[in-house]
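A.B. asks:
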Amino acid sequence: MATQSTPPVSLPRHSKSNNPNPYPLSPTVNNDRYTILSLINQCNSTKQLKQVHAQMLRTGLFFDPFSAGKLITASALASFSSLDYARQVFDQIPQPNLFTWNTLIRAYASSPDPIQSLLVFLQLLHHCEHFPDKFTFPFVIKAASELKAFRVGRAFHGMVIKASLSSDVYILNSLVHFYGSCGDLDLAYAVFVKTPQKDVVSWNSMITAFAQGGCPEEALELFRGMEKENVKPNDVTMVGVLSACTKKLDLDFGRWVCSYIERNEINVNLTLSNAMLDMYMKCGSFKDAKRLFDKMQEKDIFSWTTMLDGYAKLGEYDEARHVFDAMPSKDIAAWNALISAFEQNGKPKEALAVFRELQLSKDAKPDEVTLVCALSASAQLGAMDLGRWIDVYIKKHGIKLNCHLTTSLIDMYAKCGDLEKALEVFYSAERKDVFVWSATIAGLAMHGHGRAALDLFSKMLEAKVKPNAVTFTNVLCACSHTGLVNEGQRLFYQMEPVYGVLPGEKHYACMVDILGRSGHLQEAVKLIEKMPILPTASVWVTLLGACRLHGNGNIELAEQACSHLLELDPRNHGAYVLLSNIYAKTGKWDRVSGLRKIMRDFGLKKEPGCSSIEVNGIVHEFLVGDNSHKLSKEIYSKLDEIAAKLKSVGYVPNKSHLLQLVEEEDMKEQALNLHSEKLAIAYGLISTGPSQPIRVVKNLRVCGDCHSVAKLISRLYDREILLRDRYRFHHFRGGNCSCMDYW
DNA sequence: AGCTCCGGTG
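For what it's worth, this note's numbering labels the leading residue of the first sequence as 1367, then goes sequentially.
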């Protein structure tokens, strides 16, 4: 910030000059109360305010409640001032009037620490002779909105009614905003409808509540209603309407809104321009966004981040990086936009690379959002060392765990194989929302603790947390991994009538898995026939997978499932791979080669198996037959040693696990001994200490032979092996696997 | 006095 050489306000200087009056503001000369008060308005630094403050103390003006109030207002609301100073001043005032109380409450409500607003409000109730008035309530309700403190806000609503203030449009508008930000759209709408003299802010608050609460349709409907009632929309209205278009990804309507803004000569300020930018970006029109962005006279950090995030989320990483590098200043939201885009598009390594770059730069400090993304990326990779490092970082920096962070931590520990730690985070969490509960249920499910997952689900219901669609996916998943057929069925049929959650494609896929995996193929087929929604590819893949396990020659069913699957998704590798496995199992080699020809003609290749293992914070990746690792020689001699040991205990490789769908150049795939998970395990054996568990992550389902070998290794080498495949964890110990061979 | 724009979890 530039320093001014001459202060714009002439203030007393405590100099030993020849000036006969060292205190030119002293009332003994020519300063009355009005001069001092006008000086307050001209202050542009805390230092100047303090000088005026001193002068007021000297003259006794500070003890005039009105004048002291002026000082508070200036110090609390001025952009340069700190609230701490305002608070100090406030605490010195003997009898603050209601206006002064309100000013402080107002300032705290929009500060980073809105709880203070509520605390001052309580003091007001105790110490002030006046009851809070119609100015007080909008501020405290705003604080409650910021904190999403539902019960507190409801209590304010009650007080408003008792105080006969419930027809005040300012208060009612704040309540609409409050209920909206707590996610209770019904209550928000109830207040809105009952607002007697709605002004444009009433409409804006409700439109915004709908747009942000996931009901963009209703927001747009309300905008039309507003026109019908002849209420003229303003720039804030249009921001809300655009936000609704963005949520709906409705580019046509968005374009219409932009032309509406032009036709109706609505004031286009920076915020509105940014909302237009965001709409164009998220709705996929880079061209319109770029044109607007280049045209904008003034751009702020929102404008830049909106462009950056738009490109990044749609996978235009080069453009995104270009914008990022061009940003005049980067706040943490800009970094997060880049990190989260990588993380959400299945590029966890790229996400973590940017995270490291952030740590090295001095631009910004990681915040909760950054850490959530970094934890999520660690979870995807199974990078436990990094995940643990972030956990320590959170503790060291005294960052309070919100539900987002708690969820990500639980998910990270569970996906990295440390279920104990995941549960520890869960039990010590202060607040548990549906995300926290669901993540923990998912953790138990993926580790094969189906019963415990169901018990936790019951505890969740006891805690009055409402399960949603994802909760049920996880609960059903727990049933399918553990073979809890009856429980799964019971819960599935309770979903809609008892919990009001409509079963979706994922739930049907889980149910087909529960039935199919346990051998009830015909029931699975019946369920699919009865589906009220069109069966999706995932449902047919699941049925096909069940056919491989229990088909017993029912090739017709497998072929039907496969053709349904290919109808929906002609390039689905899984369809060909599974069906050819089934043909191979029954010795139908001619059909195997037929499928091979189709795949070749279509240019389809099996997704290559890839296993990774983190050692000392570095993630090592192995493909089948990989010899690119720098310890490759040692790895292969370890594999030879393992093979010899296995042979000595009488192990015979099970060749039926072979894919039997390989091109000549993929012959190495045939060699069971070169599978990626074996390479990773061998590397784990030579690079980690004897007491450390070996944690491997595989991108596909673990191979059957590898599963048997891993069990033996866990016994022969007395090592724990945690193998996470695409679907679940296999925890090998003492020759057994946690999945009890049900997988 | 109240309403607005970028980045997040299962």
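Backbone N, C-alpha and C fix where the C-beta goes; we use that ideal spot for every residue, glycine too.
#1: Smallest Cα separation from I1880: which of Y2108, Q1926 and R1621?
#2: Nearest-angstrom Cα distance between R1424 and C1494?
#3: Could you tell me the alpha carbon to alpha carbon distance between H2096 and G1975, rounded to whole angstroms?
#4: With DSSP as the reference, identify every bridge partner of C1976, one or two as the case may be.
#5: Span of the alpha helix (DSSP H) holding I1537?
#6: Classify A1811: buried if its beta carbon has 16 or more other beta carbons within 10 angstroms, exposed otherwise.
#7: Does the beta-carbon distance from A1473 to A1452 come in below 8 Å?
#8: How far does the alpha helix (DSSP H) with F1505 in it reach, from first residue to last?
#9: Among the candidates I1899, D1616, C1928 and P1898, whose CA atom is the shortest distance from the CA of L1909?
#10: Could you tell me how far apart the beta carbons of V1542 and F1558 are, in whole angstroms, since I believe they sit closer than 8 Å?
#11: Compute the Euclidean distance between the alpha carbons of R1505 and I1471, then round it to the nearest angstrom.
#12: Which of helix, strand or coil does DSSP assign to F1428?
#13: How about E2043 and V2068: are their beta carbons less than 8 Å apart?
#14: For a quick check, are the C-beta atoms of L1887 and V1907 less than 8 Å apart?
#15: Out of F2098, P1599, V1607 and V1851, point me to the one whose CA is closest to P1582's CA.
#16: Measure the CB-CB distance between A2076 and I2001 and report whether it falls below 8 Å.
#17: If you draw a straight line from the C-alpha of Q2026 to the C-alpha of G2070, how long is it?
#18: Could you tell me whether the Cβ atoms of I1921 and I1948 are closer together than 8 Å?
#19: Go through its chain and collect everything with a Cβ distance to S1836's Cβ below 6 Å, but skip five positions before and after it.
#20: Note down the Cα distance separating N2039 from L2005, rounded to an integer number of angstroms.
#21: Taking 8 Å as the threshold (C-beta atoms), are L1741 and F1775 in contact?
#22: So, using beta-carbon positions, are C1876 and T1839 closer together than 8 Å?
#23: Mapping DSSP to helix, strand and coil, what is L1405?
#24: Would you kindly report the start and end of the unbroken alpha helix (DSSP H) that includes L2012?
#25: In whole angstroms, give me the CA-to-CA distance for G2100 and D1967.
#26: Taking the alpha-carbon positions, what's the K1382 to T1603 distance?
#27: Run the CB neighbour count on D1675, radius 10 Å, all protein chains shown included, and call it buried at 16 or more, exposed below.
#28: Between the Cα of R2081 and those of N2102, R1856 and L2088, spot the shortest distance and give me the residue it belongs to.
#29: Please list the segments of the alpha helix (DSSP H) lying wholly inside the segment 1831 to 1856, counting only runs of 4 or more residues, in order along the chain.
#30: Using DSSP bridges, identify the partner residues of R2099.
#31: Can you check whether the CB of A1515 is closer than 8 Å to the CB of G1546?
#32: For the alpha helix (DSSP H) containing L1900, list its first residue and its last residue.
#33: Could you give the distance in angstroms between the alpha-carbon of R1399 and the alpha-carbon of S1477?
#34: Name the DSSP bridge partner or partners of R2115?
#35: How should C2105 be labelled, buried or exposed, when 16 other C-beta atoms within 10 angstroms of its C-beta is the threshold for buried?
#36: From R1517 to S1651, what distance separates their C-alpha atoms?
C.D. replies: Reading from the atomic positions:
#1: The sequence position of residue 1880 within the first sequence is 514, counting from 1. Residue Y2108 holds the alpha-carbon nearest to the alpha-carbon of I1880 among Y2108, Q1926 and R1621.
#2: Within the first sequence, numbered from 1, the residue matching residue 1424 stands at position 58. Within the first sequence, numbered from 1, the residue matching residue 1494 stands at position 128. Straight-line Cα distance between these residues: approximately 26 Å.
#3: Taking the first residue of the first sequence as 1, we reach residue 2096 at position 730. Taking the first residue of the first sequence as 1, we reach residue 1975 at position 609. Distance from the CA of H2096 to the CA of G1975, rounded to the nearest whole angstrom, comes to 17 Å.
#4: Walking along the first sequence from the start, residue 1976 turns up at place 610. Partner(s): L1989.
#5: Residue mapping note: residue 1537 aligns to position 171 of the first sequence, counting from 1. Boundaries of the alpha helix (DSSP H) harbouring I1537: V1535 to S1547, taken from the DSSP string.
#6: By 1-based counting over the first sequence, the position of residue 1811 is 445. A1811 is classed as buried because its beta carbon has at least 16 other beta carbons within 10 Å across all chains shown.
#7: By 1-based counting over the first sequence, the position of residue 1473 is 107. By 1-based counting over the first sequence, the position of residue 1452 is 86. Yes; because the gap between Cβ atoms is below 8 Å, this pair is in contact.
#8: Looking up residue 1505 in the first sequence gives position 139. Here the alpha helix (DSSP H) through F1505 covers T1502 to L1513.
#9: Here the question's residue 1909 lines up with position 543 in the first sequence. Comparing Cα positions, the closest option is C1928.
#10: By 1-based counting over the first sequence, the position of residue 1542 is 176. By 1-based counting over the first sequence, the position of residue 1558 is 192. About 5 Å separates the CB atoms of V1542 and F1558; that is less than 8 Å, so the two are in contact.
#11: Taking the first residue of the first sequence as position 1, residue 1505 is located at position 139. Taking the first residue of the first sequence as position 1, residue 1471 is located at position 105. Sequence inspection shows Phe at residue 1505; the Arg mentioned does not correspond to that position. Taken atom to atom, the span from the alpha-carbon of F1505 to that of I1471 is near 6 Å.
#12: Taking the first residue of the first sequence as position 1, residue 1428 is located at position 62. Looking at F1428 - three-state DSSP - the assignment turns out to be helix.
#13: Along the first sequence, one-based indexing puts residue 2043 at 677. Along the first sequence, one-based indexing puts residue 2068 at 702. Cβ distance < 8 Å, so E2043 and V2068 count as in contact.
#14: For this step, residue 1887 is matched to residue 521 along the first sequence. For this step, residue 1907 is matched to residue 541 along the first sequence. Not closer than 8 Å, so no.
#15: In the first sequence, counting from the first residue as 1, residue 1582 sits at position 216. Minimum Cα distance to P1582 is reached at V1607.
#16: Within the first sequence, residue 2076 is the residue found at index 710, counting from 1. Within the first sequence, residue 2001 is the residue found at index 635, counting from 1. No.
#17: Position 660 of the first sequence, counted from the start, is the residue given in the question as residue 2026. Position 704 of the first sequence, counted from the start, is the residue given in the question as residue 2070. Note that Q2026 has pLDDT 45, beneath the 50 cutoff, so the model's placement of it is unreliable and the number below is only indicative. Approximately 14 Å, taken between the alpha carbons.
#18: Stepping through the first sequence from its first residue, residue 1921 is reached at position 555. Stepping through the first sequence from its first residue, residue 1948 is reached at position 582. The answer is yes: Cβ separation under 8 Å.
#19: To locate residue 1836, count along the first sequence from 1; it is residue 470. According to the sequence displayed, residue 1836 carries Val and not Ser. For V1836, same chain residues with a beta-carbon under 6 Å away, outside a window of 5 residues either side, are S1804 in chain order.
#20: The sequence position of residue 2039 within the first sequence is 673, counting from 1. The sequence position of residue 2005 within the first sequence is 639, counting from 1. Looking at the backbone, the Cα of N2039 and that of L2005 are separated by about 8 Å.
#21: Within the first sequence, residue 1775 is the residue found at index 409, counting from 1. Within the first sequence, residue 1741 is the residue found at index 375, counting from 1. Note that residue 1775 is Leu in the sequence shown, not Phe. In this structure, L1741 lies closer than 8 Å to L1775 by Cβ.
#22: In the first sequence, residue 1876 corresponds to position 510, counting from 1. In the first sequence, residue 1839 corresponds to position 473, counting from 1. Yes, these two residues count as a Cβ contact at 8 Å.
#23: By one-based count along the first sequence, residue 1405 stands at place 39. Annotated three-state conformation of L1405 is helix, per DSSP.
#24: Start at 1 with the first residue of the first sequence, and residue 2012 comes out as number 646. S1998 to S2014 is the extent of the alpha helix (DSSP H) around L2012.
#25: In the first sequence, counting from the first residue as 1, residue 2100 sits at position 734. In the first sequence, counting from the first residue as 1, residue 1967 sits at position 601. Whole-angstrom Cα-Cα distance: 46 Å.
#26: Counted from its first residue, the first sequence places residue 1382 at position 16. Counted from its first residue, the first sequence places residue 1603 at position 237. Since pLDDT at K1382 reaches only 38, below the 50 mark, its modelled position is unreliable, and the value read off the structure follows with that caveat. Approximately 58 Å, taken between the alpha carbons.
#27: Your numbering for residue 1675 matches position 309 in the first sequence. The residue in question, D1675, is buried, as its Cβ has 16 or more Cβ neighbours within 10 Å.
#28: Position 715 of the first sequence, counting from 1, holds the residue named residue 2081. The shortest C-alpha separation from R2081 is found at N2102.
#29: Every alpha helix (DSSP H) stretch that sits fully inside the segment 1831 to 1856 and reaches 4 residues is listed by chain position as 1835 to 1848.
#30: In the first sequence, counting from the first residue as 1, residue 2099 sits at position 733. Bridge partners of R2099: N2102.
#31: One-based indexing of the first sequence puts residue 1546 at position 180. One-based indexing of the first sequence puts residue 1515 at position 149. A1515 is positioned such that its CB atom lies no closer than 8 Å to that of G1546.
#32: The sequence position of residue 1900 within the first sequence is 534, counting from 1. In the DSSP assignment, L1900 falls outside any alpha helix (DSSP H) and carries neither an H nor an E.
#33: Indexing the first sequence from 1 puts residue 1399 at position 33. Indexing the first sequence from 1 puts residue 1477 at position 111. Each residue's Cα considered, the two are about 30 Å apart.
#34: Lying outside 1367 to 2109, the shown extent of the chain, residue 2115 is not represented and no answer is given.
#35: Along the first sequence, one-based indexing puts residue 2105 at 739. By the neighbour-count rule (16 or more Cβ atoms within 10 Å), C2105 is buried.
#36: Translated into the one-based positions of the first sequence, residue 1517 becomes position 151. Translated into the one-based positions of the first sequence, residue 1651 becomes position 285. Counting only the Cα atoms, S1651 lies some 42 Å from R1517.
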